[in-house]
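Only one structure is covered here, and it is reproduced in the block below.
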Amino acid sequence: MNKLNLGCGLKKLDGYINVDIRDSCNPDVYHDLNILPYPFLDNTFKKIILDHVIEHLDNTLDILVELHRISLNNSEIIIKCPHFSTNWVHPGHKSAISVHLFDFFGEHAEESYGNINFQVEKIKLSWMRPGIKGKRNSIFFRILSVIINFFANLNPFITERLWCYNVGGFEEVEFRVRVVK
């Protein structure tokens, strides 16, 4: 298996190595994701998923450098996390993430960390986090979310800068990037 689900929690994925620190999740690999390096060889994985995990970790930049290390060239990394506009709702969040997360890597970065590169393929804002159940899943909120998401994702950078707080913030930002080695 060369696919990795980091911080799997109860969302274990078939065909992936599922990693978590909690015994109750029964992961394939027990590991504290704040402890670097991860227990994997360089250039191992073709796909890595972090679904609402990175915001719980101590050093986001070091984590991204580590993901680059264990990834194959041209591998896909998918990161889903709260957008900074709603990030502090959960008491366990340690960092706030913006659509500019990957601006600090690569040859064109004003500041560069780790001498690594990612090619951003997609950034998507979600006003309502997909898949969450409850009253806000009413037809009204689903329609409103579709409308807000459509306009927000025409240009996530302008949305973040000019009007993200006017709609009450965004519950999720999703990044799909390719590793460049």
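Here the working numbering is used: the first residue of the sequence shown is 246, the next is one more, and so on.
A virtual CB, placed ideally from N, CA and C, is assigned to each residue, including glycine.
Since we're looking at a predicted model, the values are computed, not measured.
query, result
"Taking 8 angstroms as the threshold (C-beta atoms), are I324 and V344 in contact?", "no"
"Are G252 and V298 close, meaning C-beta to C-beta below 8 angstroms?", "yes"
"Going straight from the alpha carbon of K291 to that of V424, what length do you get?", "9 angstroms"
"Please state whether the Cβ-Cβ distance between N250 and I294 is less than 8 angstroms.", "yes"
"Considering only their Cβ atoms, is the gap separating I308 from F329 smaller than 8 angstroms?", "no"
"Is S390 buried or exposed, if buried means 16 or more other CB atoms sit within 10 Å of its CB?", "buried"
"How far does the alpha helix (DSSP H) with F385 in it reach, from first residue to last?", "384-397"
"Report the rounded CA-to-CA distance for W333 versus D273, giving the unit in angstroms.", "30 angstroms"
"Using only CA atoms, which one of N318, C409, I388, F402 lies nearest to D348?", "F402"
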